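Protein sequence lines correspond, in order, to chains D and P.
Residue 196 in this note's numbering sits at position 196 of the first sequence; the count goes up by one each step and never skips.
Residue 1221 in this note's numbering sits at position 221 of the second sequence; the count goes up by one each step and never skips.
Ideal Cβ positions, reconstructed from N, Cα and C, are used throughout, including at glycine.
If you're wondering where the values come from, they're calculated on a predicted model, not measured in any experiment.
A short write-up of the structure that comes next.
There are 2 protein chains.
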Amino acid sequence: MSDINMIRAAAERLKGHARRTPLLNSPFIDTFAGRRVFVKPECLQHTGSFKYRGGRSAVSALDPETRGRGVIAFSSGNHAQGVALAAHEFGVPAVIIMPADAPQMKIDNTRALGAEVVLYDRVGGESREALGDRLTAERGLTLIRPYDEPLVIAGQGTTGLEIAEDANALGIKQGEVLVCCGGGGLTSGIALALEADAPGLRVRPVEPQGFDDVTRSLKSGHIETNNQQSGNICDAILTPAPGQITFPILQRLCGSGLTVSEDECLHAMAIAWARFKVVAEPGGAAALAAALFRKDQIESETVIVTISGGNVDSEMFQAALAKYGDDV
Amino acid sequence: MSDINMIRAAAERLKGHARRTPLLNSPFIDTFAGRRVFVKPECLQHTGSFKYRGGRSAVSALDPETRGRGVIAFSSGNHAQGVALAAHEFGVPAVIIMPADAPQMKIDNTRALGAEVVLYDRVGGESREALGDRLTAERGLTLIRPYDEPLVIAGQGTTGLEIAEDANALGIKQGEVLVCCGGGGLTSGIALALEADAPGLRVRPVEPQGFDDVTRSLKSGHIETNNQQSGNICDAILTPAPGQITFPILQRLCGSGLTVSEDECLHAMAIAWARFKVVAEPGGAAALAAALFRKDQIESETVIVTISGGNVDSEMFQAALAKYGDDV
């Protein structure tokens, strides 16, 4: 279903569209973390997160007639922007159903990219699925799932092809790759790519404390769910449970999960700002936080961490710098 | 003296050391600026600014015996870090003479990179030259000038080789390249590289208001000096006058200068944060500020702007976001 060939095909479709992000490092971070650390700054990707890869992969693979009717997505913001930009590039309509409490910047950007944004109340009882079903049926839209969709996993997996290519060029044969993990689309995609192109690198999912569904699922061997769906600043990686498609891949290929606190994510945001000069959102800084603050749960001499997105409101970013900007 | 062959030779010496930075763009910025804008984020370079290129270029070109005695530099911070890291990589001593009012982060980082930092009082009358002469004579150090040094200009010029390569790949034949300009090392280096590899691109220096020595010098045809040497947040690009070596190059190859206010630099920092997810310091955001706020002084459909550095104290960055973080 999802395999390396789909990822390579997605890479072909993304060529000239997705940005080729570098691997960054810093002697200060190596000292802080006690090992070699490289970051993959997908905050520099179009729309400010890796999600453009999956969005463009899925939209570009639709047959033109289907695509012409438009696409629909559920998203707290990064998948929304990724799908919106991809649809905009093909000149087709995009409807995005977003929680009303998503960061304002993500809502504004999604609208500015030409999408029709429909807000729903995440905490109240309104069913976003019923809303989506109705819109899909009425307009003949195609649903682009945020992670449990092979074409999306394939797009996110192109991140892993680039990590493998750069790691091989740097002579990195062994190591752990820490990935900010929500439903597991990026994590499973990278794991599949590394299995093929850099088999000495092992993926480990990183989640916010209290939203560690993947970590618990990997431990128990079956899909576990989170009790809550909101109430954490890492909005980009809050998902109810690993996906039906992503979980078997994670189970086969990943090491154990790691969890980090909200405060550690804020601290990692400040450190990414100071040392890599890039902007990370809280959920996008989770893997870096694990590299910095979970040293004893990591074995390898070299870790590679994703900074999966940088779409954060100004107030939140200022708060991170006010608290940790001088402690970097 | 300084020419394209020196730049190509520097590029060879920097291979595998300097980071190859990308060109970034954003539909939001294109709309804001009213034309196509690409940014060259040298804040992502090692040490957080393009200055590593010139530092490494100069230190790597010294004969081993001379290099072994160590190097010395005067710098408010970015050249300091560039030279310090280059010296550290070669395992040779570096002495950096810095103004006591330089941003604390730059002082701290230079020390952390292994350099011996000597502070002097920029406003008072203490002569940094006398201090430097004494240290140089006592220890047999080699002075690495921040811009009026052909090997440094050659290193900075490698930025221009990359701009030319990417512009050619994007099919950009004509355009203006706005460069944050202090003494003119980066500006003249880029201008020389573009003359050879992308002759349709014309460099234009960008300076802070009140520190527009290069702009006035280009207008009058001879070297003009600034009345003051401090008192502006764009510390990275405050210099007394264009260099003896850089000015003739600027005069031959550059278009007229542009000037921007401190406030416009703060606004551009917030926009770079929001739209490119990169960290710019005030002086490093000057060229982007010109692209955003001097539209009527720019002619081309396409502009390429340098973000020359990202070494800024947390308080200053928070102030930029507090003022402009929601106006991006």
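Test item: CB-CB of residue i and residue j under 9 Å
{"i": "D/LEU250", "j": "D/ILE163", "result": "no"}
{"i": "D/SER217", "j": "D/ALA241", "result": "yes"}
{"i": "P/SER1002", "j": "P/GLY1175", "result": "no"}
{"i": "D/GLU281", "j": "D/ALA236", "result": "yes"}
{"i": "P/ARG1111", "j": "P/TYR1120", "result": "no"}
{"i": "D/LEU85", "j": "D/GLY310", "result": "no"}
{"i": "P/GLN1228", "j": "P/ASP1148", "result": "no"}
{"i": "D/ALA285", "j": "D/ALA272", "result": "yes"}
{"i": "P/VAL1037", "j": "P/SER1026", "result": "yes"}
{"i": "D/ALA167", "j": "D/ILE4", "result": "no"}
{"i": "P/PRO1146", "j": "P/GLY1114", "result": "no"}
{"i": "P/VAL1177", "j": "P/THR1259", "result": "no"}
{"i": "P/VAL1179", "j": "D/VAL278", "result": "no"}
{"i": "P/ASP1326", "j": "P/HIS1267", "result": "no"}
{"i": "D/LEU321", "j": "D/GLY283", "result": "no"}
{"i": "P/THR1302", "j": "P/ARG1067", "result": "no"}
{"i": "P/PRO1099", "j": "P/SER1230", "result": "yes"}
{"i": "P/ILE1029", "j": "P/ARG1275", "result": "yes"}
{"i": "P/ASN1232", "j": "P/ASP1212", "result": "no"}
Enclosing alpha helix (DSSP H) for residue i [first to last residue]
{"i": "D/ILE245", "result": "D/ILE245 -> no alpha helix (DSSP H), and no H or E assigned at all."}
{"i": "P/ARG1139", "result": "1128-1139"}
{"i": "P/PRO1064", "result": "1064-1069"}
{"i": "D/LYS219", "result": "213-220"}
{"i": "D/LYS106", "result": "104-112"}
{"i": "P/VAL1152", "result": "1150-1169"}
{"i": "P/GLU1012", "result": "1004-1014"}
{"i": "P/PHE1050", "result": "Run containing P/PHE1050: none; DSSP gives neither H nor E here."}
{"i": "D/VAL83", "result": "78-90"}
{"i": "D/LEU288", "result": "286-293"}
{"i": "P/GLY1189", "result": "1185-1197"}
{"i": "P/TYR1324", "result": "1314-1324"}
Closest residue to residue i among the options (Cα-Cα distance)
{"i": "P/ALA1080", "options": "P/ALA1100, P/ASN1109, P/GLU1089 and P/ASP1101", "result": "P/ASN1109"}
{"i": "D/GLU138", "options": "D/ARG69, D/GLU195 and D/ALA169", "result": "D/ARG69"}
{"i": "P/GLU1116", "options": "P/SER1127, P/ASP1133 and P/VAL1092", "result": "P/VAL1092"}
{"i": "D/ILE96", "options": "D/VAL37, D/VAL303, D/ASP133 and D/ALA286", "result": "D/ASP133"}
{"i": "D/GLY54", "options": "D/ALA18, D/LEU44, D/ASN311 and D/MET98", "result": "D/ALA18"}
{"i": "P/GLN1209", "options": "P/ARG1013, P/ALA1196 and P/CYS1234", "result": "P/CYS1234"}
{"i": "P/ALA1033", "options": "P/LEU1135, P/ALA1198, P/LEU1141 and P/ILE1298", "result": "P/ILE1298"}
{"i": "D/ILE107", "options": "D/PHE247, D/VAL37, D/THR47 and D/ALA270", "result": "D/THR47"}
{"i": "P/GLY1200", "options": "P/ALA1011, P/ARG1145 and P/ILE1172", "result": "P/ILE1172"}
{"i": "D/LEU161", "options": "D/GLU12, D/VAL328, D/LYS323 and D/ALA320", "result": "D/GLU12"}
{"i": "P/LEU1253", "options": "P/PHE1211, P/ALA1290 and P/PRO1205", "result": "P/PRO1205"}
{"i": "P/ARG1056", "options": "P/PHE1276, P/ALA1198, P/PRO1041 and P/ILE1144", "result": "P/ILE1144"}
{"i": "P/GLY1077", "options": "P/GLU1089, P/VAL1312 and P/GLY1016", "result": "P/VAL1312"}
{"i": "D/ASP141", "options": "D/CYS181, D/LYS51 and D/ALA94", "result": "The amino acid occupying residue 141 of chain D in the given sequence is Leu; Asp does not appear at that position. The shortest Cα separation from D/LEU141 among D/CYS181, D/LYS51 and D/ALA94 belongs to D/ALA94."}
{"i": "D/MET269", "options": "D/SER220, D/PHE211 and D/TYR324", "result": "D/TYR324"}
{"i": "D/ALA198", "options": "D/ALA169, D/CYS181 and D/THR246", "result": "D/ALA169"}
Range of the contiguous beta strand (DSSP E) that encloses residue i
{"i": "D/GLY175", "result": "175-180"}
{"i": "D/GLU116", "result": "116-120"}
{"i": "P/MET1098", "result": "1094-1099"}
{"i": "D/ILE304", "result": "302-307"}
{"i": "P/THR1259", "result": "1258-1260"}
{"i": "D/LYS40", "result": "36-41"}
{"i": "P/VAL1022", "result": "The question names Val, but residue 1022 of chain P in the sequence shown is Pro. Counting along the chain, P/PRO1022 falls outside any beta strand (DSSP E), and DSSP gives it neither H nor E."}
{"i": "P/LEU1201", "result": "1201-1208"}
TODO: Examine the Cβ distances between the region 180-193 of chain D and the region 152-159 of chain D and report whether three or more of them are shorter than 8 Å.
DONE: The region 180-193 of chain D, when compared against the region 152-159 of chain D, does touch it at the 8 Å Cβ threshold.
Open item on the list: Measuring CB atoms only, is the region 1263-1270 of chain P touching the region 1058-1070 of chain P, in the sense that at least three cross pairs come out at less than 8 Å?
Closed with: Here the region 1263-1270 of chain P does not lie against the region 1058-1070 of chain P, with fewer than 3 beta-carbon pairs under 8 Å apart.
TODO: Would you check if the region 63-81 of chain D and the region 157-174 of chain D touch, i.e. whether three or more CB-CB distances between them fall below 8 Å?
DONE: With a cut-off of 8 Å, the region 63-81 of chain D and the region 157-174 of chain D do not count as touching, because too few Cβ pairs lie within range.
TODO: Compile a chain-ordered list of the residues in the region 1312-1324 of chain P whose CB is closer than 7 Å to at least one CB of chain D.
DONE: So the close ones are SER1314, PHE1317, GLN1318, LEU1321 and ALA1322.
- [ ] Check distances from the C-beta atoms of the region 1074-1097 of chain P to those of chain D and list, in chain order, the residues that come in under 7 Å.
- [x] Within the region 1074-1097 of chain P, no residue qualifies.
Task: Contacting positions in the region 1032-1064 of chain P - beta carbon closer than 7 Å to chain D - done: Of all residues in the region 1032-1064 of chain P, CYS1043, LEU1044 and GLY1048 have a Cβ within less than 7 Å of some Cβ in chain D.
- [ ] Compile a chain-ordered list of the residues in the region 273-293 of chain D whose CB is closer than 7 Å to at least one CB of chain P.
- [x] Residues TRP273, LYS277, VAL278 and VAL279.
TODO: Could you tell me whether the region 310-317 of chain D touches the region 98-107 of chain D, where touching means 3 or more Cβ pairs closer than 8 Å?
DONE: The answer is yes - the region 98-107 of chain D touches the region 310-317 of chain D, with three or more Cβ pairs under 8 Å.
Task: Proximal residues, the region 1100-1117 of chain P versus chain D, C-beta separation under 9 Å - done: Those residues of the region 1100-1117 of chain P that come within reach of chain D (Cβ to Cβ, closer than 9 Å) are GLN1104, MET1105, ASN1109, ALA1112 and LEU1113.
TODO: Could you please tell me which residues of the region 131-161 of chain D, in chain order, have their CB closer than 8 Å to any CB of chain P?
DONE: Those would be none; no residue qualifies.
- [ ] Give the residues from the region 1162-1180 of chain P that approach chain D closer than 7 Å (Cβ to any Cβ), ordered along the chain.
- [x] Using a CB distance below 7 Å, no part of the region 1162-1180 of chain P faces chain D.
Task: Cβ-based contacts, 8 Å cut-off: residues of the region 1254-1272 of chain P near chain D - done: Here the close residues are ALA1270.
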